[in-house]
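Heads up: the sequence shown begins at 1 in the numbering used here, then just goes up one per residue. Here a beta-carbon is modelled for each residue, glycine too, at the ideal position from N, C-alpha and C. Scroll down for the structure; my scribbles are underneath it.
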Amino acid sequence: GVTEDDLPTAVLVNMPEGGQMKKYKFNYDTVNEENLNALVNGYFDGSVKPFLKSADPPASNDEPVKVVVGTTFADIALDPTKDVLLEFYAPWCGHCKKLHPTFSRVSLDL
């Protein structure tokens, strides 16, 4: 969402029928005609990428068990050259904490 700290701003939202909604953030300090045109033109020419709310990827991700965040999901989990076992993990979840060591052991055999 947009917070008061973001204002003034604009967001371009694409809501295709039957498709997934994508949001394109306004990354300019001033809302004016020139910057709004840049956002719209960037949307149409593909130079503006959709905004995806995500945690930052880890600085190092070279262990057998990878950390996947929103911005790295497609590159890691959907890589057609690799077999992937994906665990959705919440650090506050007791079941997740209990299963995590098992997934870590299994990852060494894959």
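With a cut-off of 8 angstroms, do at least 3 Cβ pairs link the region 25-39 to the region 7-17? yes
Identify the residues that DSSP records as bridge partners of Y24: which are they? The sequence position of residue 24 within the sequence shown is 24, counting from 1. Answer is L12, bridged to Y24.
Taking C-beta to C-beta, are N14 and K25 nearer than 8 angstroms? For the purposes of this step, residue 14 is taken as residue 14 along the sequence shown, with counting starting at 1. For the purposes of this step, residue 25 is taken as residue 25 along the sequence shown, with counting starting at 1. Not in contact: N14 and K25 (Cβ atoms no closer than 8 angstroms).
Just mark V68 as buried or exposed, buried being the case when its beta carbon has 16 or more other beta carbons within 10 Å. Numbered from its first residue, the sequence shown carries residue 68 at position 68. Label assigned to V68: buried.
Just confirm the distance between the C-beta atoms of G70 and K53, as a whole number of angstroms; I'd bet it's less than 8 angstroms. For the purposes of this step, residue 70 is identified with residue 70 of the sequence shown, where counting begins at 1. For the purposes of this step, residue 53 is identified with residue 53 of the sequence shown, where counting begins at 1. That pair is a contact at about 6 angstroms.
Between L103 and the rest of its own chain, which residues show a CB-CB distance below 7 angstroms, the 5 nearest in sequence each way excluded? Counting from 1 along the sequence shown, the entry for residue 103 is found at position 103. According to the sequence provided, residue 103 is Phe. The question's Leu does not apply to it. So the list reads V65 and E87, once near-sequence residues are dropped.
What number of angstroms, rounded off, separates the C-alpha of E63 from the C-alpha of H95? Start at 1 with the first residue of the sequence shown, and residue 63 comes out as number 63. Start at 1 with the first residue of the sequence shown, and residue 95 comes out as number 95. Rounded to the nearest angstrom, the two C-alpha atoms are 22 angstroms apart.
Quick one, which of A59, S60 and N35 has its alpha-carbon nearest V48's? Indexing the sequence shown from 1 puts residue 48 at position 48. Answer by Cα proximity: N35.
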